[in-house]
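Have a look at the structure below before the remarks.
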Amino acid sequence: MKNKKKHYTLLGILLIMIIAIVSIVFINNNLNNESETIKTEDQAISEEKENGLEEAKENSEVLEDELENSSDSQDEGKVEGEEPHQKPQQQQQQKPEDKKYKENNGYIEGQTLPSEPTYIKGVLIANKKYPLPKDYAPGENVEARAAFELMAQEAKTLGFELVAFSTYRSYEYQELLYNKYVERDGKENADRYSARPGYSEHQTGLAFDIGEKGREDLWLTEAFGQSEAGKWLAENAHRYGFILRYPKGKEHITGYMYESWHFRYLGVELATKVKDSGLTLEEYLGIDK
Ligand SMILES: [Zn+2]
C-alpha cells in the first residue's frame, strides 16, 4: 500500500512536471511569436516610413520634372508661335540641347580656342559656341567708335549724354574679370552675365557697353532699359549701326541674360536688317541651333 501510494504521488508529480514543461514551452513559443510580430510590425512601419520618404522624394522629382517641362514648354510655345510647322522636329531636337546647355552653361565642353576668328556670312561672331583666338587683339574698332560718337551727339540734343564705359577688352583682361566674378558669384551665375576669356564679344572691339552720364547708378542694370536713354538706344541704335545684342527673353539663344547696356556694332545696313527682323544675331545668321 505504501509503495502504491508512492507510485501515484510520483506519477502525479511527473504529470504536473510534464504539464508545467508543456505549458512553459507553449507560453514561451507564444511570447516568441508575439515579439516576432512586434518586430515585423516595426520593420513594416520603418519600411513604410522609408517608402513614404521614397514616395516623397519621387513626388518632388516629379514636381521638378513638371517645373522643368513647364518652362520647356513655355520656350517651345514661343518657338511654336513663330514656326508652327517645325514643332515636332524641334521638340525632339531641343530637349537634349537644352539639357546640354544647362550642364555647360551654354559652352561646348572641352572646346579649345581656335587659331582664327569665325566669320558667318561675313559677320565676325563671338559667343559661347564661337570663341576667338587668344591672341586676337584688334583693339577698339575705329568705325564703331566714330558711329558711337555720332549717336551720342544726337542723344545729347535729346537731353541725355551717352557714355561707352566699356568697349574693347583683351583676352587677358577678360580672364581677370571672369575669374573675379566666378570667385564672387560662382561659375554658374558668372556664366550668365560674364563671358569666359576668349568668348567675349568685347574682344572683337565691336561691343560697346553704354550708359548715361550722371546716371551711373543705372550702368549695367536692367533698369537702364526702362530709362529714357535706354529706351531711345534700343529703338534708335541701329540707325548708327548698333544692335541691342542680348534682348530680354532670349537667354536660351544668345547665352546671356538681358543686357540693356550691351550693343554690338554691325554697320547701319545689317544692324537695321537685324533690328527689323526682331531676331537675335544668332537667329539672323542661322547659328542659333
Ligand atoms: Zn558688354
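For the record, in the sequence shown the residue sitting at position 133 is 261 according to my numbering, with numbers rising by one throughout. C-beta atoms are modelled at their ideal positions from N, C-alpha and C, and glycine is treated no differently.
As a quick check of your reading: which residues have a C-beta less than 5 Å from at least one non-hydrogen atom of ligand 1, in chain order? Matched residues: Asp-337 and His-390.
Cβ-based burial, Tyr-327 [other Cβ within 10 Å; buried from 16]: Taking the first residue of the sequence shown as 1, we reach residue 327 at position 199. Buried: at least 16 other Cβ atoms inside 10 Å.
Spatial neighbours of Ser-243 in its chain, beta-carbon cut-off 7 Å, leaving aside the 5 residues before and after: Here the question's residue 243 lines up with position 115 in the sequence shown. Taken in chain order, the residues that qualify are Pro-261.
Would you say Val-291 touches ligand 3, meaning its beta carbon is less than 6 Å from a heavy atom? Ligand 3 is absent from the structure shown, which contains only ligand 1.
Are Tyr-374 and Glu-387 touching if we call contact CB-CB under 7 Å? For the purposes of this step, residue 374 is taken as residue 246 along the sequence shown, with counting starting at 1. For the purposes of this step, residue 387 is taken as residue 259 along the sequence shown, with counting starting at 1. Yes, the Cβ-Cβ distance between Tyr-374 and Glu-387 is below 7 Å.
Where in the segment 293-324 do unbroken runs of the alpha helix (DSSP H), each at least 4 residues long, occur, reported from the N-terminal end onward? 299-313 and 315-321
Give the secondary structure of Glu-340 by DSSP, where H, G and I count as helix, E and B as strand, and everything else as coil. Along the sequence shown, read from residue 1 onward, the residue named residue 340 stands at position 212. Here Glu-340 sits in strand by DSSP.
Does the structure place the segment 308-317 close enough to the segment 288-295 that three or more beta carbon pairs sit under 8 Å? no
Note down, in chain order, each residue of its chain lying with its Cβ closer than 7 Å to the Cβ of Val-402, except the 5 sequence neighbours on either side. On the sequence shown, position 274 is the one that residue 402 refers to. Same-chain partners within the cutoff: Ile-371, Leu-394, Leu-409 and Tyr-412.
Take Ala-265 and list the residues in its own chain whose beta-carbon comes closer than 8 Å to its own, dropping the five residues that flank it on each side. Within the sequence shown, residue 265 is the residue found at index 137, counting from 1. Within the same chain, Ala-265 has close Cβ partners Ser-298, Tyr-299 and Gln-331.
Classify Ile-173 as helix, strand or coil using the three-state DSSP reduction. As a first step, residue 173 must be located in the sequence shown, where it is residue number 45. The pLDDT assigned to Ile-173 is 33, lower than 50, so where the model puts this residue is not dependable; a value taken from the coordinates is nonetheless given after this. Ile-173: helix per DSSP, three-state reduction.
Tell whether a beta-carbon distance below 7 Å holds between Glu-329 and Ala-254. Along the sequence shown, one-based indexing puts residue 329 at 201. Along the sequence shown, one-based indexing puts residue 254 at 126. Remark: C-beta atoms of Glu-329 and Ala-254 approach each other more closely than 7 Å.
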